[in-house]
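Numbering (the working numbering), first residue to last: 661 to 781.
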């Protein structure tokens, strides 16, 4: 992580959270001395080398339901990840909501949006 310039996460959201393997990885990386330090009792990001964070994800729930539940994955990716970069990284969070009722057309539109976004990276 300390050598990376960008961080891209691709995952499904399960029960309004991260899949267990990704959660386990995040628990091992986001520790004092690894991704942040403690200075006078305050956290200080140690991943200032990362200047871009990209997230591509899907939710079974609608945007409204995810928002009503607090949308923890989005908050983590747009707030906590930025904090460990010293708030210098830009974040692209692309989510396909309501996968339980998605159609080939909605999936194709989402993939086109992902392609357009990452073509500029």
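By construction, the Cβ of each residue, glycine as well, lies at the ideal position given by its N, Cα and C atoms. Given the structure is predicted, the values throughout are model-derived calculations rather than measurements.
In DSSP terms, what residue 674 is bridged to: On the chain shown, residue 674 is found 14 positions in, with the first residue counted as 1. Residue 674 is bridged to 677.
Reference residue 743; option with closest CA among 703, 692, 774, 674: On the chain shown, position 83 is the one that residue 743 refers to. The shortest Cα separation from residue 743 among 703, 692, 774, 674 belongs to 703.
Candidates 711, 719, 683, 669, of which the one nearest residue 760 by Cα: Here residue 760 is taken as the residue at index 100 of the chain shown, counted from 1. Checking every option, the nearest Cα to that of residue 760 belongs to 719.
Presumed contact (8 Å Cβ cut-off) between residue 666 and residue 711, rounded CB distance: Sequence index remark: in the chain shown, residue 666 carries index 6 (1-based). Sequence index remark: in the chain shown, residue 711 carries index 51 (1-based). That pair is a contact at about 7 Å.
Residue 675 burial status per 10 Å Cβ neighbour count (16 or more: buried): As a working mapping, residue 675 is identified with position 15 in the chain shown. It is exposed - the Cβ of residue 675 has fewer than 16 other Cβ atoms within 10 Å.
Rounded straight-line distance, which links the Cα of residue 739 to that of residue 750: Numbered from its first residue, the chain shown carries residue 750 at position 90. Numbered from its first residue, the chain shown carries residue 739 at position 79. The straight-line gap from Cα to Cα measures roughly 11 Å.
Residues near residue 773 in its chain [Cβ-Cβ closer than 7 Å; skip 5 each side]: By 1-based counting over the chain shown, the position of residue 773 is 113. Only 754 meet the Cβ criterion.
Assigned exposure category for residue 664 - 16 Cβ within 10 Å defines buried: By one-based count along the chain shown, residue 664 stands at place 4. Exposed is the call here.
Simplified DSSP state of residue 688, which is helix, strand or coil: The residue given as residue 688 occupies position 28 in the chain shown. Helix at residue 688.
Assigned secondary structure, residue 757 (DSSP; H/G/I helix, E/B strand, else coil): On the chain shown, residue 757 is found 97 positions in, with the first residue counted as 1. It is coil, neither helix nor strand.
Alpha-carbon to alpha-carbon, residue 757 and residue 823: Limits of the chain in this structure are 661 at one end and 781 at the other, which puts residue 823 out of reach.
Stretch pair the region 680-687 + the region 716-731: three plus CB contacts closer than 8 Å: no
Residue span of the alpha helix (DSSP H) that contains residue 636, given as start and end: Look at the range of the chain in this structure, 661 to 781, and you will see that residue 636 is not part of it.
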